Every structure is written in C-alpha cells, then in structure tokens.
Amino acid sequence: MNMPSGPIPITVLGGYLGAGKTTLLNRILRAPGGRRIGVVVNDFGSLAIDVDALAGAGPDGIVSLPNGCVCCTLGSDLFEALRALAAVDPPLDHIVIEASGVADPAAAAAWGSSDGFAPGGVIVLAAADQVQHMAGDRYVGGEVTRQIAGADLLVVTRGDLCSVASRAAVDRWLDDVAARVPRVEAVDGDVPADVVLGLRPDAGATADGAPHTDRYTTWSAADGVVGEGALDALLADPPSGLLRMKGVARFADGSTREVQLVGRTATTRPTTSDPTGTRLVAIGIRDVLDLAALDALVG
Numbered sequence: 001m002n003m004p005s006g007p008i009p010i011t012v013l014g015g016y017l018g019a020g021k022t023t024l025l026n027r028i029l030r031a032p033g034g035r036r037i038g039v040v041v042n043d044f045g046s047l048a049i050d051v052d053a054l055a056g057a058g059p060d061g062i063v064s065l066p067n068g069c070v071c072c073t074l075g076s077d078l079f080e081a082l083r084a085l086a087a088v089d090p091p092l093d094h095i096v097i098e099a100s101g102v103a104d105p106a107a108a109a110a111w112g113s114s115d116g117f118a119p120g121g122v123i124v125l126a127a128a129d130q131v132q133h134m135a136g137d138r139y140v141g142g143e144v145t146r147q148i149a150g151a152d153l154l155v156v157t158r159g160d161l162c163s164v165a166s167r168a169a170v171d172r173w174l175d176d177v178a179a180r181v182p183r184v185e186a187v188d189g190d191v192p193a194d195v196v197l198g199l200r201p202d203a204g205a206t207a208d209g210a211p212h213t214d215r216y217t218t219w220s221a222a223d224g225v226v227g228e229g230a231l232d233a234l235l236a237d238p239p240s241g242l243l244r245m246k247g248v249a250r251f252a253d254g255s256t257r258e259v260q261l262v263g264r265t266a267t268t269r270p271t272t273s274d275p276t277g278t279r280l281v282a283i284g285i286r287d288v289l290d291l292a293a294l295d296a297l298v299g
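In my numbering, the protein residues as written are 1 to 299.
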C-alpha cells in the first residue's frame, strides 16, 4: 500500500442552499487539475456521477471515478468518512467536504488539524441574488452571516442574475460583513480547481501565467532563500488579491517550513524535507495581486 507523502489537506465548501456548492464540486471533479481528490458529500443525488460508478461502490461506501478521484457520503460520522478516504490507495492529494447549508463549516474544517491531515481552508459560496435576504431571515440569518464572516475565501455566485445597482449593494454589504475576506466571482461554477484547492508545488507556475482564465495570475519560486521575517509579515497581513499560497520555504539557517495560506488564514509547520531550495506557489487575482511583494520574499 502506498502511503501519503504528507498530510492530506482538507478544504470545506460552505454556503446556504442554492449558493452553488454542488455546481462547483462537479466542476472540480470534472477538471481536478491532475489531483486525486476525495469528496465527502451529503448525498450522491446531485453530483454528476455515472450510475455504473455508484453501483461499484466498495464496502466502505467509496465510489471511484474514472479520473482517479473518489467520493463518499457523509452518513452520520465524518471521522469514519475521513478515515476511509485516508486509507485510499493510491493516496489522495486533497479532500473536499461539502458542508450542509445549516452546518458550521469551521467545525468540519477543524479536522484539518488532526493527525494525517492539514488545513485546506473554508471556502464559502454566497448567491448574490439571495444572500442579503437570507442574512435577514430570523431563523437562518445569523448562521449565513457567520459563515461568510468566517470564510477564508468567498465565492460570489449568481451575480449575473442581479441588476447593476443590486449587485453593487451586495458588494457593499459583503464589504461590511467580511471586509478582510478575499472574494472571487463565479458563473456556473467557473472557478478553477487551483483557486479552490491551491496550486500543486510541482505545478510549474510562472509569474506571468494564469490557470484556465485571465482573471487569475500565478507566481512561483523554485529556488532561493526566503527571509523568515518577511514571510511571517506577509502571512500575518497578506497582500490584496492573494488567494492561496503553499509549498516549502527554506531559510538562511537551512531550516525549512511548510506553508499553507488560504485567503487571510495561514498555517506553517517545520518540515524535515530537504529541498534544493524553496518551492512555493501562489495564485491571486490578476491586476490586484502585487507580484513584486511575493518576489521580495526570496533572495
């Protein structure tokens, strides 16, 4: 049995019913970007999974897809679902959990701090034509607002269904509720997997490259020494437009640290890996992200 090369990142998709979580999940499963992704969903009904694949589910409930990804349903125990996915062979590169509309995504994301896993961020979808109405609902409004304010990255959907004035009002409301949470626009789930899951450190991103769409830009450092203080400062206050950063930073004293940033939430941990140099990749919003600020990290 092959063992994972490191902890498996867990990303949680949140958002109230109708925000577009399943559409985005289907897009990721259709174009996983070379990753083996494990998806935990509430039920298979709305995912674009072939009937024959469902019929071939193993005793652990895991459904294997032709592109190497796998799915399973949440059932009553998230721990059991994650344990089953962690045992998949060959190992998975990433796990995505679809949180129900009324669930707290942060609770599921906490599993990313467990042994064998790593935090991969909380991505919350907000439907532009519904979110303010939902936030004002006496029963669910508090949870809708908390999900948005607690997100690492917001994906705004259904903006094409709003008038210019109503869309501007939604943006102002989001500025008030989640001023420091980066957000991107999506129509029909057209957010690349690299934005949701992060670039792979071996993806070969270049500073003038863009994954799938000219709305995003990428940056990478494949060698060099990172200024530890400069990295800490950047992670504490990420530049505007930076959506994700991951990889390994090597410092002047030879020590290395694994870096994972999603939106404004960053985690680092010492690593025993010994790369020939730094291996960092980042993705951000084109014409907003200051690539020079990232270049300044590496000497």
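Glycine included, C-beta positions come from ideal geometry on N, C-alpha and C. Please read these numbers as outputs of a predicted model, since none were measured by experiment.
Discussion item. I'd like the list of long-range same chain contacts for L125, defined as Cβ closer than 6 Å, with 5 residues on each side in sequence excluded.
Written reply: Translated into the one-based positions of the sequence shown, residue 125 becomes position 125. Excluding positions up to five away in sequence, the list reads G15, A19, G20, K21, V155, T157.
Worksheet item: Which residue from I37, A236, P66, I283 puts its Cα closest to that of D194?
Response: In the sequence shown, the residue the question calls residue 194 occupies position 194. In this structure, I283 is the residue among I37, A236, P66, I283 with its C-alpha nearest to the C-alpha of D194.
Worksheet entry | Cβ neighbours of A230 in the same chain (closer than 7 Å, five flanking residues each side left out) | Position 230 of the sequence shown, counted from the first residue, corresponds to residue 230. Around A230: A296, L297.
Fill in: Spatial neighbours of I8 in its chain, beta-carbon cut-off 6 Å, leaving aside the 5 residues before and after
Here the question's residue 8 lines up with position 8 in the sequence shown. The answer, listed in chain order, is L92, I95, F117.
Item to complete: May I ask you to report which of helix, strand or coil DSSP gives L65?
Response: As a first step, residue 65 must be located in the sequence shown, where it is residue number 65. Three-state result, L65: coil.
Discussion item. Please return the same chain residues whose Cβ sits closer than 6 Å to the Cβ of A221, not counting the five positions on each side in sequence.
Written reply: Position 221 of the sequence shown holds residue 221. Contacts found: T278, L280, V298.
Worksheet item: Excluding five sequence neighbours on each side, which residues of the same chain lie with their C-beta closer than 8 Å to the C-beta of V191?
Response: Taking the first residue of the sequence shown as position 1, residue 191 is located at position 191. Excluding residues within five positions, the ones whose Cβ falls inside 8 Å are L24, R27, V155, V184.
Worksheet item: Which one or two residues does DSSP pair with I8 in a beta bridge?
Response: Counted from its first residue, the sequence shown places residue 8 at position 8. The beta-bridge partner set that DSSP reports for I8 consists of F117.
Worksheet item: Do you know offhand how far S163's Cα is from V177's?
Response: Position 163 of the sequence shown, counting from 1, holds the residue named residue 163. Position 177 of the sequence shown, counting from 1, holds the residue named residue 177. Cα-Cα distance, rounded: 21 Å.
Worksheet item: Under a three-way DSSP split, which group does L153 fall into?
Response: Counting from 1 along the sequence shown, the entry for residue 153 is found at position 153. Note: L153 maps to strand in three-state DSSP.
Discussion item. So R215 and I285 are supposed to be a Cβ contact under 8 Å. How far apart are they, rounded?
Written reply: Numbered from 1 along the sequence shown, position 215 holds the residue referred to as residue 215. Numbered from 1 along the sequence shown, position 285 holds the residue referred to as residue 285. Contact flag correct, Cβ pair sits at about 7 Å.
Fill in: Local conformation of T267 per DSSP, three classes
The sequence position of residue 267 within the sequence shown is 267, counting from 1. Strand, per DSSP.
Practice prompt. Check the C-beta distance from A108 over to V12 and give it rounded, since I have them as a contact under 8 Å.
Written response: For the purposes of this step, residue 108 is identified with residue 108 of the sequence shown, where counting begins at 1. For the purposes of this step, residue 12 is identified with residue 12 of the sequence shown, where counting begins at 1. About 5 Å separates the two Cβ atoms, so the contact holds.
Worksheet item: Out of curiosity, what's the CA-to-CA distance linking L82 and C71?
Response: In the sequence shown, counting from the first residue as 1, residue 82 sits at position 82. In the sequence shown, counting from the first residue as 1, residue 71 sits at position 71. Computed Cα separation, rounded: 11 Å.
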